[in-house]
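Heads up: the sequence shown begins at 4 in this note's numbering, then just goes up one per residue.
Backbone N, C-alpha and C define an ideal beta-carbon position, used for all residues, glycine too.
Working notes for the structure below.
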Amino acid sequence: MAESLNKSSAPAGDPAADSTPTKFSHVRPQDTAFVDQGLRDFFLYRDLGIAEATGGKLLVQLVKANQPPEQGTGWHRHEAQFHVVLMLKGWARFMYEDKETLVATGDCVHQRPGITHYLFDYSPDMEYLEIVGPADFGTVEVEGPCAVPAVTPWPKDRDAA
Numbered sequence: 004m005a006e007s008l009n010k011s012s013a014p015a016g017d018p019a020a021d022s023t024p025t026k027f028s029h030v031r032p033q034d035t036a037f038v039d040q041g042l043r044d045f046f047l048y049r050d051l052g053i054a055e056a057t058g059g060k061l062l063v064q065l066v067k068a069n070q071p072p073e074q075g076t077g078w079h080r081h082e083a084q085f086h087v088v089l090m091l092k093g094w095a096r097f098m099y100e101d102k103e104t105l106v107a108t109g110d111c112v113h114q115r116p117g118i119t120h121y122l123f124d125y126s127p128d129m130e131y132l133e134i135v136g137p138a139d140f141g142t143v144e145v146e147g148p149c150a151v152p153a154v155t156p157w158p159k160d161r162d163a164a
């Protein structure tokens with residue numbers, strides 16, 4: 004079971020401290036499952052409990068491939084102040100504005116606020132850690148600045164990849 008303790012993270016009297024209380028959080032793999040209830044129906048999402056612990060300041064989740072890429076995410080931007088992706092397994096190909104970017108295992112990407120992008124291709128084993136603030140960030144579909152390259156077909160036996 005996930006643990007949390009209610010305590011403000013700021014020292015008393017710290018003028019730079021945010022008054023929103025946060026909680027200690029410890030989520031183990033068995034505490035939350037990957038579910039198909041996220042932004043994209045072709046990915047699975049595992050909540051790591053940080054949105055609740057931070058009072059909605061941050062969303063931290065694992066995202067992994069569930070279905071082969073077909074249309075991808077489409078061109079969009081997020082209404083977020085902070086967005087980081089750390090690729091844990093596999094790879095994904097993004098268009099950031101008019102530049103193709105391969106994000107592979109171990110790579111970390113900071114998506115600046117408002118950047119127009121498109122995740123259009125990914126490996127069957129793709130899994131990344133996503134950190135976004137605020138947790139209830141918005142997503143806005145936009146016109147893309149350029150054409151998007153073709154996807155890499157998955158092998159017939161997904162586990163062979």
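Measure the alpha-carbon distance for residue i versus residue j and round it to whole angstroms.
i	j	result
Leu122	Met98	6 Å
Gly52	Val112	22 Å
Gly41	Leu62	12 Å
Asp110	Met90	6 Å
Tyr125	Thr35	24 Å
Leu47	Val66	6 Å
Phe140	Arg115	13 Å
Gln64	Leu105	21 Å
Ser28	Ala95	29 Å
Pro72	Thr155	8 Å
Thr57	Lys159	42 Å
Taking the alpha-carbon of residue i as reference, which of the options has the nearest alpha-carbon?
i	options	result
Gly93	Ala36, Ala68, Lys102 and His79	Ala68
Pro148	Gln114, Thr35, Asp34 and Trp78	Trp78
Ala54	Leu132, Glu100, Thr25 and Gly75	Thr25
Val151	Gly75, Lys60 and Asp50	Gly75
Glu144	Asp39, Gly117, Glu130 and Asp44	Gly117
Val30	Tyr131, Asp50 and Asp39	Asp50
Can you tell me whether residue i is helix, strand or coil according to DSSP?
i	result
Asp34	helix
Ala153	coil
Glu55	helix
Ser126	coil
Asp50	strand
Lys10	Unreliable positioning characterises Lys10 in this predicted model, as indicated by a pLDDT of 49, which lies under 50. The coordinate reading is nonetheless provided below. Strand at Lys10.
Ser75	First, the amino acid is wrong: residue 75 is Gly here, not Ser. In the structure shown, Gly75 sits in coil (DSSP, three-state: anything other than H, G, I, E or B).
Ala65	Looking at the sequence provided, one finds Leu at residue 65 rather than Ala. Residue state, collapsed to three classes: strand.
Leu42	coil
From the DSSP output, read off the bridge partner residues of residue i.
i	result
Arg96	Leu105 and Asp124
Lys60	Answer by DSSP bridge pairing: none, since Lys60 is not bridged.
Gly136	Phe85
Thr142	His81
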